[in-house]
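Count the sequence shown with mature numbering (1 follows the signal peptide of the UniProt record, and there is no 0) and you get residues -15 to -1, 1 to 200, in order.
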Amino acid sequence: MLALLILGLCVLCAAQSIGLTFSLHLIGECPVIGSLEAITFTTASFLNTFECFNIEDLFSVNTSDSYGSRSYRTLSSSDPDTNDWRLSNALAYSNQTDYSTILYHQNPPSGLPQEKGQNALRLLEVYAGKGCEQANTHSDTIHPILGWSCSSSRAGDCYDVGYNIMSFKIGPAIVNSRPQGCCTPSTGMGAKRLGSSKFAAIAGVTVTFMAAFLS
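Structural data, given as structure tokens:
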């Protein structure tokens, strides 16, 4: 049942993309795409399962703009699924930078206007540790998992999550075989909202404490 629901949603997700720009904490400011410190991950692939990405592994490349891909098999398909992505300004990455500010963009399903707060097809979660763990190797502190599952506004929003993001996870925004209502800051705890984005191409965010999605 879940596999059939996901396949049905994939028809809608062809024009839907998700973009994440990470930056060090700038008081009262959003990261600006193209600035010296901001690094960006974008993908238009739709994943049938959750996939974890370590920021250091992704951005430790020897070119500023690059493309990546992973293939994997699922029980619901005989053909491998492929996840393709693009990295921008990867040469700016430093493992000494505190990437605690995120600028988030996710389009609504095809045919819907770009408005903030609509149910989107993907769920994004960010983590303080590598491997999508809540604690990093240098601390015993358990940090909250913060998640986004709404479409973004056209102009965009960004958040200071309160810790260095070391990994993130992307997957279908579905729980118990049903589309999950999108998350909003008022329903959870954690990230502080900052001002509007200075660049409209990667924009928007809603965030909440996502422990309920770990099952």
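The beta-carbon is built from N, C-alpha and C at its ideal position, and this holds for glycine as well.
Paired residues, beta bridge with residue i - DSSP
| i | result |
| --- | --- |
| E110 | G132 and K154 |
| G96 | The partner list for G96 (beta bridge, DSSP) is empty, contrary to what the question assumes. |
| H90 | G4 |
| N39 | S152 |
| C143 | L88 |
| G53 | W70 |
| T126 | BP columns for T126 are empty, so no partner. |
| N104 | C135 |
Residues of its chain near residue i, where Cβ-Cβ distance is below 7 Å and the 5 sequence neighbours each way are ignored
| i | result |
| --- | --- |
| D83 | L9, H10 and N149 |
| F44 | I24, L72, A75 and Y78 |
| I68 | Per the sequence presented here, residue 68 reads as Asn, with Ile not at that position. Within the same chain, N68 has close Cβ partners T28, S30, L32, E36, S54 and R55. |
Cβ pair residue i, residue j closer than 8 Å
| i | j | result |
| --- | --- | --- |
| I127 | E110 | no |
| G102 | C167 | yes |
Residue environment, residue i, which counts as buried when at least 16 other CB atoms sit within 10 Å
| i | result |
| --- | --- |
| Y52 | exposed |
| A93 | Residue 93 is actually Pro in this sequence, not Ala. Counting Cβ neighbours within 10 Å, P93 comes out buried, since at least 16 surround it. |
| Q81 | exposed |
| S95 | exposed |
| S152 | buried |
Between the CA atoms of residue j and residue i - distance to the nearest angstrom
| i | j | result |
| --- | --- | --- |
| E118 | E100 | 31 Å |
| F7 | G156 | 19 Å |
| W133 | A158 | 9 Å |
| A29 | H90 | 11 Å |
| R107 | H123 | 30 Å |
| F38 | C143 | 20 Å |
| D50 | N104 | 30 Å |
| E41 | L97 | 35 Å |
| S136 | G114 | 26 Å |
| N47 | F26 | 16 Å |
| I3 | N121 | 25 Å |
| L5 | W70 | 11 Å |
Same chain only: Cβ atoms within 8 Å of residue i, ignoring 5 sequence neighbours per side
| i | result |
| --- | --- |
| E22 | S8, L9, P16, A77 and T82 |
Contacts around residue i, its chain only, beta-carbon distance under 6 Å, and the 5 residues preceding and following it disregarded
| i | result |
| --- | --- |
| K154 | F35, C37, E110 and C117 |
| D125 | none |
| S20 | none |
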